[in-house]
Amino acid sequence: MKVIFATLLGAALFAGCCGRQTAPERMEARYLYTADYMADPSAHVFDDTLYVYASHDRLSEVTDPADGAHFDMVDCHVLRVADPQKGEAEDLGAALSLEQIPWAAKQLWAPDATRREGRWYLYFPAKDSTGIFRIGVAAADRPEGPFTAQPEPMEGAYSIDPAVFEDEGAYYLYFGGLQGGQLQRWRDNALLEEDALPEDDEPALAPRVARLSEGMLSLAEPSRPVQILDAAGRPLTAGDAHRFFEAAWLHKHAGLYYFVYSTGTTHLICYATGDSPYGPFTFRGELMSPVEGWTTHPSTVEYGGRWYLFHHDSALSGRSPLRSLKAAEFSHRDDGTLTPVAGKPERKETDH
Ligand code: FUB
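For the sequence shown, numbering that gives the first Met the number 0 begins at 0 and goes up steadily by one.
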């Protein structure tokens, strides 16, 4: 009896004094790189090195927030993250500049990148000379570039926030964003004369997904809507605070596909799960509460055995178009839900 008691006591004392070794503390959100303003992080691990592809915010003479015109970026950057736990990241410079994209006129927004057979591909949105957001692709021999853009935007891809996801050798491109991102200008892959938004009680506009061709420079099929359903199997409505707005992202964990996205006007990062990269996805919850600044934009990645949510906020500048990169840790629960990350609980509507 004494032996059993002593063993239990010893185990309890060990867990008490050495608890961090058995159950490591989760890292809260911390800044990654504060020497410059960057946003919209897309995180990827290539050969055990963690890279982030990001929008490069700048002070522009364009200050009008209508249609997001004040997000007037002219290049996007690559960072190498030595240790997200310590917020150690190095800016590797511009991956691509607006002037290097033959078809693009302005607003080089949120990029994403992937690797296939020793080549890296950067997907990015920009407005063409007619003011319509298109998605372009650029290729490089190294993760940090320099990337060379294709002469024309990708046929059949439009709006903003491209995100590429690899699954069992196939690559999928997700895209779309409301309001300034112009998703409401498209129906069934055709450009409309004017915006067409659903009523609040109608199904919300859906992001799009298409498989990429083997060459990675074009879509292999017409894009289709990514359905986000409630627990009863009905599409989330346009008036739902959890409906998709922009910044699609996909990851896979324990055989389940997680579609992560921003709700824009309600400033949340939410997630939905499904059994296929095409969806449908069932809404599961909020991954992050609102941060300071209007926009919020996620990516997720596993690195060093831990899962991270990369995002941005505007707390350091106090201005929405000047954002700073952050990372926070989260984990997957056994029931498929994610542990939530705290944004800025006291966020005010005046945080623009
Ligand atoms: O950075 C410009 C836009 O702001 C992005 O495309 C959106 O996702 C939002 O973060």
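Ideal Cβ placement from N, Cα and C applies to all residues, glycine included.
Computed from a prediction, not measured in an experiment: that's the story for all the values here.
- When the Cα atoms are used, Leu31 and Leu121 turn out to be separated by approximately 21 Å.
- Counting only residues of its own chain and dropping the five nearest sequence neighbours on each side, Arg186 has a CB closer than 7 Å to the CB of Ala195.
- In this chain, the beta strand (DSSP E) harbouring His43 covers 37 to 45.
- Contact fails between the region 311 to 318 and the region 326 to 335, because fewer than three Cβ pairs, one in each stretch, are under 8 Å apart.
- Distance from Phe164 to Ile134 at the Cβ level is roughly 15 Å; contact not present, criterion being Cβ atoms closer than 8 Å.
- Cβ-Cβ distances below 6 Å link Asp74 to His55, Ala93, Ser96 in the same chain, with the five nearest sequence neighbours on each side left out; the list follows chain order.
- Boundaries for Val73: no beta strand (DSSP E) harbours it, and the DSSP string shows neither H nor E there.
- Between the region 279 to 286 and the region 198 to 218 there are fewer than three inter-stretch CB-CB distances shorter than 8 Å, so the stretches are not counted as touching.
- Within the same chain, and ignoring the five residues on either side of Asp63 in sequence, the residues whose Cβ sits closer than 7 Å to its Cβ are His69.
- Secondary structure remark: continuous beta strand (DSSP E) runs of at least 3 residues inside the region 294 to 335, in chain order: 298 to 302, 305 to 312, 323 to 329.
- Taking one beta carbon from each stretch, the region 258 to 278 and the region 43 to 57 have fewer than 3 pairs nearer than 8 Å; the two do not touch.
- In the same chain as Ser128, and ignoring 5 residues on each side of it, the C-beta atoms closer than 7 Å to its own belong to Ala104, in chain order.
- At a cut-off of 7 Å, the beta-carbon of Glu301 does not count as near the ligand FUB: no heavy atom of the ligand is closer than that.
- DSSP, reduced to helix, strand and coil, places Ala156 outside both helices and strands of the structure shown, so it counts as coil.
- Counting the other Cβ atoms within 10 Å of the Cβ of Gly342 gives 16 or more, which makes it buried.
- Assignment of Glu98 by DSSP, reduced to helix, strand and coil, places it in the helix class.
- For Leu249, the CB contacts under 8 Å within the same chain, skipping 5 residues up- and downstream, are Ala162, Phe164, Tyr171, Tyr173, Tyr256, Tyr257, Phe258, Val259, Pro276 in chain order.
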